[in-house]
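These protein sequence lines are chains A and B, in that order. Just so we're aligned, residue 1 is where the first sequence starts under this note's numbering, counting upward by one. Just so we're aligned, residue 311 is where the second sequence starts under this note's numbering, counting upward by one.
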Amino acid sequence: MSEFLQHLVNGISLGTIYALIALGYTMVYGVLKLINFAHGDVYMVGAFGGFYLAHLLGVNDSPSLPKTLVVFVGSMLICGTLGFLIERLAYRPLRYRPRLTALITAIGISFLLEFGFQLPRWSFMPFDFPPGPTPRFFPELFPRTIWFNIGEVSISNYDALALGVAILFMVGLEFIIYRTKFGVAMRAVSFDPNIAGLMGIPVDRIISGTFILGSVLASVAALLVSISRPRIDPIMGLMPGLKAFVAAVFGGIGNVPGAMVGGLILGLSEEFVAGYMLSSFRDAIAFAILILVLLFRPEGLFGRITTEKV
Amino acid sequence: MKALLEVQDLDVYYGGIQALRGISLKVPENQIVALIGCNGAGKTTTLRAISGMLKASRGSIRFAGEQIKGLRSHQIVARGMAHAPEGRGIFLNLTVGENLELGAYLRKDRESVAKDLETGYRLFPILFERKSQIAGTLSGGEQQMLSVARALMSRPKLLLLDEPSLGLAPQVVEKIFSVLKDIHKTGITLLLVEQNAHKALRIAHHAYVLETGSVVMQGTGAELLASPEVRKAYLGD
């Protein structure tokens with residue numbers, strides 16, 4: 001029983017992480033019909049942004065909650081800016097080109113970030129950047145304590161924070177998308193950008209906003225992962241990025257609740273497969289799910305079948 | 311009479327194909343102007359070029375005295391032009407109420423937006439009944455009413471309407487046209503594209519006949535209704 005509970009707790013916390021990243025994929029797909037393959041690398045930048053900020057603030061010597069807050073907000077700003085710039089400089093000039101062009105550009109941006117971060121330190125940089133290929137260790141932002149035990153399963157303040165923050169951001173996003181003017185505009189743009197323009201909606205600004213929002217969620221996910229699994233490196237975004245992409249497709253790409261549910265199901269199935277079967281199947285399960293979804297329900301759980309208009 | 315909209319020598323290309331060849335037209339303030347013609351004559355393209363959905367490669371578009379050619383759609387809306395596009399352009403994934411609110415996207419004056427929302431619902435009571443419903447569940451006629459009501463939410467000086475009668479039952483067409491007349495009475499200028507030439511010419515002060523991307527004839531609605539060429543080509547006599 002306690003084993004089951006432990007897997008359940010792990011699965012939910014992993015699932016919320018996938019959900020946070022998957023939301024970025026799905027929102028960008030919603031407004032641009034583009035799979036932003038650089039999204040996993042924005043996640044990586046989020047972790048490194050937090051890493052550098054933590055060192056700058058001297059978290060190693062004196063960890064504290066206010067500093068944690070600064071690290072989170074700072075990293076969110078960094079990623080938001082990065083997401084904005086990627087869209088503005090790489091995707092927008094290609095907006096009216098064949099969709100494949102933008103997709104390949106996304107892969108290019110992904111490589112640029114992954115390999116750019118693996119370069120040796122630039123001599124003119126005041127701090128250790130780029131970090132190079134060796135893994136770094138994300139510092140402990142605040143002291144870890146056990147909050148309570150359920151049987152033999154112990155819940156730490158880290159677990160509680162991760163779950164709480166992830167849920168907070170998802171609820172916040174739901175609010176933005178379904179209750180604010182920006183959200184209505186975003187849904188309108190995702191339905192038809194040309195008609196959205198006729199309503200007076202500044203389509204480019206909404207698209208920028210969508211990238212910023214998605215990138216902020218990716219940075220939150222990265223920090224929540226890094227505090228409990230502190231090894232970070234420039235290609236750390238690859239696997240979570242791919243799996244979150246699977247989660248988004250599973251839920252129905254372009255569908256916001258779908259990304260959340262898809263992420264949770266993926267995280268849970270990964271933990272249970274690793275726990276009860278073989279831990280080496282951990283990564284295989286995500287892609288097995290992808291294959292099954294594509295075979296039997298390509299539009300995803302919540303997706304609608306769309307036929308190409310001629 | 312002062313022209314609210316003045317289009318001169320407009321050329322539009324789709325890739326290598328020329329869709330508009332030097333279109334010129336004037337829409338005087340407080341009038342109803344109609345564009346009629348067959349499928350593919352360039353009526354929809356003309357409206358799209360005016361509202362900034364398409365780029366015109368040559369020519370000038372002046373709205374309320376200002377050159378608006380090259381502006382983006384949302385900037386043109388801000389200047390007081392609304393466009394109820396071909397195929398109604400309803401956001402089928404949003405509710406009826408959200409669609410209407412989007413029509414007022416650029417307006418900050420919440421109170422008068424709420425008042426206009428009421429006016430819209432009074433114009434088309436069926437929309438009020440369905441305001442929390444997803445717009446995709448509306449019938450064609452209801453979607454057309456929503457399209458017109460939504461375009462009015464921006465408080466436009468000029469309203470472009472693309473085939474408001476397309477695919478609708480005769481009673482619904484009657485209803486839409488009677489509302490268009492009411493809208494015109496409130497001081498809004500209309501530029502109307504129609505395949506239903508009969509109806510369009512009946513309410514238009516002035517009309518243009520388009521053929522393969524050019525204006526081939528123009529006159530008052532009554533003149534064109536009486537013209538033998540128009541009767542033969544577009545009214546089925």
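Built from N, CA and C at the ideal position, the CB exists for glycine as well.
Item	Value
Separation of I104 of chain A from L89 of chain A, as counted between CA atoms	14 angstroms
Reference Q341 of chain B, options B:K467, B:G332, B:A536 and B:A479, closest by Cα	B:K467
Beta-carbon neighbours of M527 of chain B, restricted to chain A and to distances below 7 angstroms	Neighbours of M527 of chain B on chain A: none; closest Cβ ~29 angstroms, over 7 angstroms.
Start-to-end residues for the beta strand (DSSP E) that takes in P338 of chain B	I327 to P338
DSSP state of H393 of chain B mapped onto helix, strand, coil	strand
Per-residue DSSP class, three states only, for G303 of chain A	coil
Limits of the unbroken beta strand (DSSP E) element including Y323 of chain B	A313 to Y324
Any C-beta of chain B under 8 angstroms from that of R195 of chain A	The identity of residue 195 of chain A in the sequence shown is Ile, whereas the question assumes Arg. So, interface residue.
DSSP-derived helix/strand/coil call for L471 of chain B	strand
Under 8 angstroms (Cβ pairs) to chain A, residues found in the segment 500-520 of chain B	none
Spatial distance of A374 of chain B from V220 of chain A (CA atoms)	49 angstroms
Cβ shell of N157 of chain A (< 6 angstroms), same chain only, five flanking positions each side left out	T145 and W147
DSSP three-state assignment for R121 of chain A, whether helix, strand or coil	coil
Local conformation of G347 of chain B per DSSP, three classes	strand
CA-to-CA distance, V483 of chain B to Q528 of chain B, given in whole angstroms	24 angstroms
Chain A contacts from the segment 320-333 of chain B (Cβ-Cβ distance under 7 angstroms)	none
In DSSP terms, what M527 of chain B is bridged to	B:V519
Terminal residues of the beta strand (DSSP E) in which T499 of chain B lies	T499 to E504
Short Cβ contact (8 angstroms threshold) for I486 of chain B with V458 of chain B	yes
As assigned by DSSP and simplified to three states, the class of A434 of chain B	According to the sequence as given, residue 434 of chain B is Phe; it is not Ala. If DSSP states are grouped into helix, strand and coil, F434 of chain B belongs with coil.
Cβ distance (whole Å) where Y415 of chain B is taken to contact I201 of chain A below 8 angstroms	5 angstroms
Residue-level contact to chain B via CB, R187 of chain A, 8 angstroms cutoff	yes
Whether F142 of chain A touches L65 of chain A by CB criterion (8 angstroms)	yes
Contact the segment 219-237 of chain A vs the segment 38-51 of chain A: 3+ CB pairs below 8 angstroms	yes
Check whether V153 of chain A and V9 of chain A have beta carbons under 8 angstroms apart	yes
Within-8 angstroms CB hit, P63 of chain A to chain B	no
Where the beta strand (DSSP E) containing F129 of chain A begins and where it ends	Where F129 of chain A is concerned, there is no enclosing beta strand (DSSP E), given that its DSSP letter is neither H nor E.
For I378 of chain B, three-class secondary structure by DSSP	coil
Beta-ladder partner(s) of F148 of chain A, from DSSP	A:I155
Residue span of the beta strand (DSSP E) that contains I86 of chain A, given as start and end	That residue, I86 of chain A, is in no beta strand (DSSP E); it is neither H nor E in DSSP.
C-beta neighbour in chain B for P257 of chain A, strict 8 angstroms	no
Inter-residue Cα distance where the pair is R99 of chain A and D192 of chain A	16 angstroms
Rounded separation between G390 of chain B and D283 of chain A - CA only	55 angstroms
CB contact below 8 angstroms: M27 of chain A versus chain B	no
Proximal residues of chain A, C-beta to C-beta of M363 of chain B below 8 angstroms	N194, G197 and L198
Classification of G116 of chain A by the beta-carbon crowding that lies within 10 angstroms, buried from 16 upward	exposed
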